[in-house]
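Undergrad: The following block contains the structure, expressed as structure tokens.
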Amino acid sequence: MIRSVIRGTGSALPAQCVTNAELASRVDTSDEWIVERTGIRQRYIAGEGETTSTLATAAARAALDAAGIDAREIGLIILATATPDHTFPATATQVQAALGCNGGIAFDVHAVCSGFLYALTTADSMLRTGLASKALVIGAETFSRILDWEDRTTCVLFGDGAGAVVLEAQDVVEDGPGIIASRLHADGAHKDMLYVDGGPSTTGTVGHLRMRGREVFRHAVVNLADVLKEVLEAAAVTAADIDWVVPHQANARILDATARKLDLPAEKVVVTVDRHANTSAASVPLAFDAAMRDGRIKPGDLVMFEAMGGGFTWGASLARI
Ligand code: ACO
Numbered sequence: 003m004i005r006s007v008i009r010g011t012g013s014a015l016p017a018q019c020v021t022n023a024e025l026a027s028r029v030d031t032s033d034e035w036i037v038e039r040t041g042i043r044q045r046y047i048a049g050e051g052e053t054t055s056t057l058a059t060a061a062a063r064a065a066l067d068a069a070g071i072d073a074r075e076i077g078l079i080i081l082a083t084a085t086p087d088h089t090f091p092a093t094a095t096q097v098q099a100a101l102g103c104n105g106g107i108a109f110d111v112h113a114v115c116s117g118f119l120y121a122l123t124t125a126d127s128m129l130r131t132g133l134a135s136k137a138l139v140i141g142a143e144t145f146s147r148i149l150d151w152e153d154r155t156t157c158v159l160f161g162d163g164a165g166a167v168v169l170e171a172q173d174v175v176e177d178g179p180g181i182i183a184s185r186l187h188a189d190g191a192h193k194d195m196l197y198v199d200g201g202p203s204t205t206g207t208v209g210h211l212r213m214r215g216r217e218v219f220r221h222a223v224v225n226l227a228d229v230l231k232e233v234l235e236a237a238a239v240t241a242a243d244i245d246w247v248v249p250h251q252a253n254a255r256i257l258d259a260t261a262r263k264l265d266l267p268a269e270k271v272v273v274t275v276d277r278h279a280n281t282s283a284a285s286v287p288l289a290f291d292a293a294m295r296d297g298r299i300k301p302g303d304l305v306m307f308e309a310m311g312g313g314f315t316w317g318a319s320l321a322r323i
């Protein structure tokens, strides 16, 4: 059977790291409050010259290196972001030009924090139907540029960064590597709980992120547990079969609550929210790359990816490495 096999991963972070203590010198907050409510200890913030496309390109290069694949072999680039360099063209096309693999397919996917799951699932479908044989799937964000730095309830939660995976369509056996099952969902009725109060067709400005954190928290735990169960069922495996969960890194308490709902031991959950904060579409591939590079995730492991974000949108995907 043809499956999309993960050939390599990469990531990139801005040069500047901002600790909670540094943030507390500018915003009315404290290290204790942020750590207790979210688990976040620091975040990376893009500086001059660092944009979504530069971070995405660096992550893509690292993933290509890890895969041992030349950029010119890539026929499909899907980049998940809610903070593109420009309203258009798609940031994916800027990455394509920077990598020098022009001529294939390149476009952005916008599903906020679930963007990487949407991009991964779209790329998987396109590879399995033969539209390309090798793909780059990237999650990249510069949320620092849409934060209201006067709003302490949101500005302490987010960071910037990028993560990427290289996928290749391969003919594999039933228990071989590759993406096994994915499920995606959206419910536009909840727009007002998490949105940006600007945009080209409304205010003509970029706008700032607005969030009703408590409500988002409640929906996240329920929706994530539901979609994880759906994917387990689709793949005919149980939570006990999973080696690693690589979740969207929104908040340590959401990670704990979701793991508890599924009886997943905390040791199986990859956590990077303490280092990266919430990097939206970049958070899953950033965490995945960290666990691949430090050797926690090994060939043959069964890995579950999951995310929930603005829209609301949510999804999960199961892959054998
Ligand atoms: N520093 C200090 N105090 C603060 C801060 C801050 N940065 N922010 C809020 N407070 C205060 C509030 O003013 C409030 O004070 P009051 O009791 O005197 O009125 C108090 O802390 C409690 O505020 P709440 O908003 O009720 O705090 P809560 O316990 O709900 O935690 C949080 C807030 C961390 C945002 C939580 O709701 C949460 O994690 N929600 C999930 C949202 C999320 O992760 N979204 C990411 C995008 S979506 C996604 O990725 C899934």
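Residues are numbered in this note's numbering as their position in the sequence shown, beginning at 1, plus a constant of 2. Beta carbons: idealized from backbone N, C-alpha and C, even for Gly. All values derive from a computational prediction rather than experimental measurement.
Should H250 be listed as close to the ligand ACO, given that the test is whether its C-beta is under 7 Å from any heavy atom?
TA: As a first step, residue 250 must be located in the sequence shown, where it is residue number 248. True, at least one ligand heavy atom lies under 7 Å from that Cβ.
Undergrad: Excluding the 5 residues preceding and the 5 following H67 in the sequence, name in chain order all residues of the same chain whose CB lies nearer than 8 Å to its CB.
TA: On the sequence shown, position 65 is the one that residue 67 refers to. Here residue 67 is Asp; the residue named in the question, His, does not match the sequence. Counting only Cβ-Cβ distances below 8 Å, and skipping sequence neighbours, we find G10, G12.
Undergrad: Consult DSSP for W316 and reduce its assignment to one of helix, strand or coil.
TA: Counted from its first residue, the sequence shown places residue 316 at position 314. Three-state result, W316: strand.
Undergrad: Does N253 come out as helix, strand or coil in the three-state DSSP assignment?
TA: Residue mapping note: residue 253 aligns to position 251 of the sequence shown, counting from 1. N253 falls in the coil class under three-state DSSP.
Undergrad: When you compare only the Cα positions, how much space is there between R5 and P301?
TA: Along the sequence shown, one-based indexing puts residue 5 at 3. Along the sequence shown, one-based indexing puts residue 301 at 299. Looking at the two C-alpha atoms, the distance is approximately 15 Å.
Undergrad: Taking all protein chains shown into account, do 16 or more other C-beta atoms lie within 10 angstroms of the C-beta of W246, making it buried, or fewer, making it exposed?
TA: Position 244 of the sequence shown, counted from the first residue, corresponds to residue 246. By the 10 Å Cβ count, W246 comes out buried.
Undergrad: Grab the span of the beta strand (DSSP E) containing I8 for me, first residue to last.
TA: Mapped onto the sequence shown, residue 8 falls at position 6. Start and end: 4-14.
Undergrad: Among all the DSSP beta bridges, which residues are the ones paired with R28?
TA: Here residue 28 corresponds to residue number 26 of the sequence shown, with the count starting at 1. Bridge partners of R28: none, in fact.
Undergrad: Which runs of the beta strand (DSSP E) fall wholly inside the segment 18-74 and span at least 3 residues, in chain order?
TA: Listed in chain order, they are 18-21, 44-47.
Undergrad: In the DSSP output, which residue or residues are listed as bridge partners for Y197?
TA: Position 195 of the sequence shown, counted from the first residue, corresponds to residue 197. In the DSSP assignment, Y197 is bridged to R212.
Undergrad: D194 to R212, Cα distance in whole Å?
TA: The residue given as residue 194 occupies position 192 in the sequence shown. The residue given as residue 212 occupies position 210 in the sequence shown. Between D194 and R212, the C-alpha separation is close to 8 Å.
Undergrad: Output needed for T123: all residues of its chain with C-beta closer than 7 Å, excluding positions within five of it in sequence on either side, in chain order.
TA: For the purposes of this step, residue 123 is identified with residue 121 of the sequence shown, where counting begins at 1. Excluding sequence neighbours, T123 sits near S184, L186, G317, S319.
Undergrad: Determine, using beta carbons only, whether F118 and A309 come nearer to each other than 8 Å.
TA: To locate residue 118, count along the sequence shown from 1; it is residue 116. To locate residue 309, count along the sequence shown from 1; it is residue 307. A contact, by the Cβ cut-off of 8 Å.
Undergrad: Identify the residues that DSSP records as bridge partners of F307: which are they?
TA: Residue mapping note: residue 307 aligns to position 305 of the sequence shown, counting from 1. Beta-bridge pairing links F307 to V248, S319.
Undergrad: Look at G215 and G209 and say whether their C-beta atoms are less than 8 Å apart.
TA: Here residue 215 refers to the residue found at position 213 of the sequence shown. Here residue 209 refers to the residue found at position 207 of the sequence shown. No.
Undergrad: Among all the DSSP beta bridges, which residues are the ones paired with F145?
TA: Taking the sequence shown and counting its residues from 1, one reaches residue 145 at position 143. BP columns for F145 are empty, so no partner.
Undergrad: Can you give me the Cβ contacts of A279 inside the same chain, cut-off strictly under 7 Å, excluding the 5 residues immediately before and after it?
TA: Position 277 of the sequence shown, counted from the first residue, corresponds to residue 279. So the list reads I42, R45, L159, F160, G161, once near-sequence residues are dropped.
Undergrad: How is the beta strand (DSSP E) around V168 delimited, first residue to last?
TA: Working through the sequence shown from its first residue, we reach residue 168 at position 166. 162-173 is the span of the beta strand (DSSP E), which, as asked, contains V168.
Undergrad: So what's L159 in DSSP terms, helix, strand or just coil?
TA: Taking the sequence shown and counting its residues from 1, one reaches residue 159 at position 157. Coil, per DSSP.
Undergrad: Which runs of the beta strand (DSSP E), 3 residues or longer, sit entirely within the segment 84-146?
TA: 107-111, 136-144
Undergrad: Sort out for me which residues DSSP pairs I80 with in a bridge.
TA: Taking the sequence shown and counting its residues from 1, one reaches residue 80 at position 78. Paired residues: F109, V139.
Undergrad: Is it right to say F307 is buried, meaning 16 or more other beta carbons lie within 10 angstroms of its own, or is it exposed?
TA: One-based indexing of the sequence shown puts residue 307 at position 305. Buried, because 16 or more other Cβ atoms sit within 10 Å of the Cβ of F307.
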